[in-house]
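Respectively, the protein sequence lines represent chains H and U. Heads up: the first sequence at position 129 corresponds to 129 in the working numbering, and the numbers run straight through without jumps. Heads up: take any position in the second sequence, counting from 1, add 217, and you land on the working numbering. Every residue gets a Cβ at the ideal spot worked out from N, C-alpha and C, and that includes glycine. Here the structure comes first, spelled out in structure tokens, and everything after it is commentary.
Protein chains: 2
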Amino acid sequence: MRSVEGISDLTTRARIRDAAIRCVARDGVNVSLRTIASECGVSASLIVHHFGSRAGLREHCDAYVLDSIRELKSSVLEPGSGVAAMLAQIEDVGHYAPLVGYLIRSLQARGPASRAFLDHLVATTAGYLAKGTESGVVSPSRDPEARARALVEFSTGALLLHVPGPNEPLDLDALPTWLRSYTDRLMPPVLELYTEPLLTDSTMLAAYLAAREAAPS
Amino acid sequence: MRSVEGISDLTTRARIRDAAIRCVARDGVNVSLRTIASECGVSASLIVHHFGSRAGLREHCDAYVLDSIRELKSSVLEPGSGVAAMLAQIEDVGHYAPLVGYLIRSLQARGPASRAFLDHLVATTAGYLAKGTESGVVSPSRDPEARARALVEFSTGALLLHVPGPNEPLDLDALPTWLRSYTDRLMPPVLELYTEPLLTDSTMLAAYLAAREAAPS
DNA sequence: GACGTCGTTGAACACGTGTGCAACCCTTGG
DNA sequence: CCAAGGGTTGCACACGTGTTCAACGACGTC
Numbered sequence: 001m002r003s004v005e006g007i008s009d010l011t012t013r014a015r016i017r018d019a020a021i022r023c024v025a026r027d028g029v030n031v032s033l034r035t036i037a038s039e040c041g042v043s044a045s046l047i048v049h050h051f052g053s054r055a056g057l058r059e060h061c062d063a064y065v066l067d068s069i070r071e072l073k074s075s076v077l078e079p080g081s082g083v084a085a086m087l088a089q090i091e092d093v094g095h096y097a098p099l100v101g102y103l104i105r106s107l108q109a110r111g112p113a114s115r116a117f118l119d120h121l122v123a124t125t126a127g128y129l130a131k132g133t134e135s136g137v138v139s140p141s142r143d144p145e146a147r148a149r150a151l152v153e154f155s156t157g158a159l160l161l162h163v164p165g166p167n168e169p170l171d172l173d174a175l176p177t178w179l180r181s182y183t184d185r186l187m188p189p190v191l192e193l194y195t196e197p198l199l200t201d202s203t204m205l206a207a208y209l210a211a212r213e214a215a216p217s
Numbered sequence: 218m219r220s221v222e223g224i225s226d227l228t229t230r231a232r233i234r235d236a237a238i239r240c241v242a243r244d245g246v247n248v249s250l251r252t253i254a255s256e257c258g259v260s261a262s263l264i265v266h267h268f269g270s271r272a273g274l275r276e277h278c279d280a281y282v283l284d285s286i287r288e289l290k291s292s293v294l295e296p297g298s299g300v301a302a303m304l305a306q307i308e309d310v311g312h313y314a315p316l317v318g319y320l321i322r323s324l325q326a327r328g329p330a331s332r333a334f335l336d337h338l339v340a341t342t343a344g345y346l347a348k349g350t351e352s353g354v355v356s357p358s359r360d361p362e363a364r365a366r367a368l369v370e371f372s373t374g375a376l377l378l379h380v381p382g383p384n385e386p387l388d389l390d391a392l393p394t395w396l397r398s399y400t401d402r403l404m405p406p407v408l409e410l411y412t413e414p415l416l417t418d419s420t421m422l423a424a425y426l427a428a429r430e431a432a433p434s
């Protein structure tokens, strides 16, 4: 586990990076350089000295968070025991709260990191769905990739609608319990939606395809 | 149909409001007062003279857009002929592009208007689902309100992931074709998802409920 | 015809932003 | 012991922001 707390025996570069991640998660991507600077007790000039510019810091943090989350996900999901593992992961999200918050903010700002993260999620989800299809618990799809993408965009996008706005602060300490209550509220209808078909027959699908045929793009 | 083009025989207040809506839709909610001012050929001071402050203009536009969309929706959806009506509505979204763009930006910024609009969408969707349940094309739900909300948040949130970022411009002229290609890409997997159940049995649902029972909040 | 009111403008202010620059301290190496 | 270089700071600049204020013109009213 990569430490985010930083017991200050870290490089100054690393301390600035961690402070930036925390500030972005808390205050949004528009957080000022001076706020980040005061968060880790340095001057604003030092940040641009180390990272060249604000954009440089942003890119560095993007890459770092993406790497951290990727290795975090892979280590947690390796046992792959299904729902229990996912729930356990939600439980101790507190340890990685700054990383999760940074990702949320990145998604919110639609930065370059957001697309990479979404692609990663889609690939992971597609893998899970494929495995589920093999074992028979997930129904096959005409276009597994598109289905995985739709599922990821659904859950991720819905999350964005509940997170504080781009300029409102996000309480990192309250994030685990907040996330839990959010999933508690959303899970029942979603699982129902994914277990029992919403539409009782394929009339709509047929109608849509017919309309598309009649009036091609 | 409420004119948004404004043939300039409108009140100055109205012209400023329309320009503001257009600018917000195009450049995001952080568009500057001076940009809006130059858009309709007045000075920045005049805007604050008419609306008190930037926040006043925002509230006024929020209320106006919400009202317009509401009456627009009700007039279009009154015949209620189902999918065909929805598709037709997508077709001529070009006429209301500024309104739609403003709503997207409002959703993106999670302003006060966004919650009101979402609630409105949820209510409308719940009504449709109830009607569909009666006629048998939509399966009943244990919690229709929660299901409607989940569906609305899914589609709305997914849309937010594809729209330009909060600071990137949105081409209002290209919006109709963009929206159409977006639905074309998303519709097939989504309709499949809603027609054939993703999960082949209720194992997951049961497991989730069991886990919630074992470790209550 | 003078007065006052309303719509409108340009300049100015205070503030916050990212960035550049000159100087400092401290350590390291000759 | 002196020089050098990297880490670090404060100051200042240019810029963009929302907002304020004094002034100006046109219009209607007494």
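7 Å Cβ cutoff, residue i in contact with chain U
i: Tyr194 of chain H; result: yes
i: Tyr128 of chain H; result: no
i: Tyr208 of chain H; result: yes
i: Ala158 of chain H; result: yes
i: Leu198 of chain H; result: yes
i: Glu59 of chain H; result: no
i: Ala116 of chain H; result: no
i: Gly165 of chain H; result: yes
i: Glu153 of chain H; result: yes
i: Ser106 of chain H; result: no
i: Ala150 of chain H; result: yes
i: Arg26 of chain H; result: no
Buried versus exposed call for residue i [16 or more other C-beta atoms within 10 Å across all chains shown]
i: Asp401 of chain U; result: exposed
i: Pro386 of chain U; result: exposed
i: Arg17 of chain H; result: buried
i: Ser323 of chain U; result: buried
i: Asp279 of chain U; result: buried
i: Tyr101 of chain H; result: Reading off the sequence, residue 101 of chain H comes out as Gly, not Tyr. It is buried - the Cβ of Gly101 of chain H has at least 16 other Cβ atoms within 10 Å.
i: Ala343 of chain U; result: buried
i: Gly157 of chain H; result: buried
i: Ala391 of chain U; result: exposed
i: Ser45 of chain H; result: exposed
i: Glu192 of chain H; result: buried
i: Ala214 of chain H; result: exposed
i: Arg26 of chain H; result: buried
i: Pro98 of chain H; result: buried
i: Ala427 of chain U; result: exposed
i: Ser352 of chain U; result: exposed
Within 7 Å, strictly: CB atoms of residue i and residue j
i: Leu422 of chain U; j: Thr133 of chain H; result: no
i: Val407 of chain U; j: Ala365 of chain U; result: no
i: Leu283 of chain U; j: Ala236 of chain U; result: no
i: Val246 of chain U; j: Ala326 of chain U; result: yes
i: Thr229 of chain U; j: Cys240 of chain U; result: no
i: Leu321 of chain U; j: Val259 of chain U; result: The amino acid at residue 321 of chain U is misidentified as Leu; the sequence shows Ile. Not a contact, by the Cβ cut-off of 7 Å.
i: Pro361 of chain U; j: Pro197 of chain H; result: no
i: Cys257 of chain U; j: Arg232 of chain U; result: yes
i: Leu161 of chain H; j: Glu370 of chain U; result: yes
i: Val355 of chain U; j: Leu346 of chain U; result: yes
i: Val93 of chain H; j: Pro176 of chain H; result: yes
Proximity test, Cβ basis, 7 Å: residue i and chain H
i: Thr350 of chain U; result: no
i: Arg219 of chain U; result: With a pLDDT of 43 at Arg219 of chain U, under the threshold of 50, the modelled position of that residue is not reliable, and the figure given next carries that caveat. Answer no: the Cβ-Cβ gap between Arg219 of chain U and chain H never drops below 7 Å.
i: Ala280 of chain U; result: no
i: Leu408 of chain U; result: yes
i: Ala363 of chain U; result: yes
i: Arg232 of chain U; result: no
i: Ser356 of chain U; result: yes
i: Leu422 of chain U; result: yes
Per DSSP, the bridge partner or partners of residue i
i: Leu416 of chain U; result: H:Val138
Range covered by the alpha helix (DSSP H) that runs through residue i
i: Asp244 of chain U; result: Thr229 to Asp244
i: Leu377 of chain U; result: Pro361 to Leu377
i: Ser323 of chain U; result: Ala314 to Ala326
i: Ser260 of chain U; result: Looking at the DSSP string, Ser260 of chain U is not in any alpha helix (DSSP H), and its letter there is neither H nor E.
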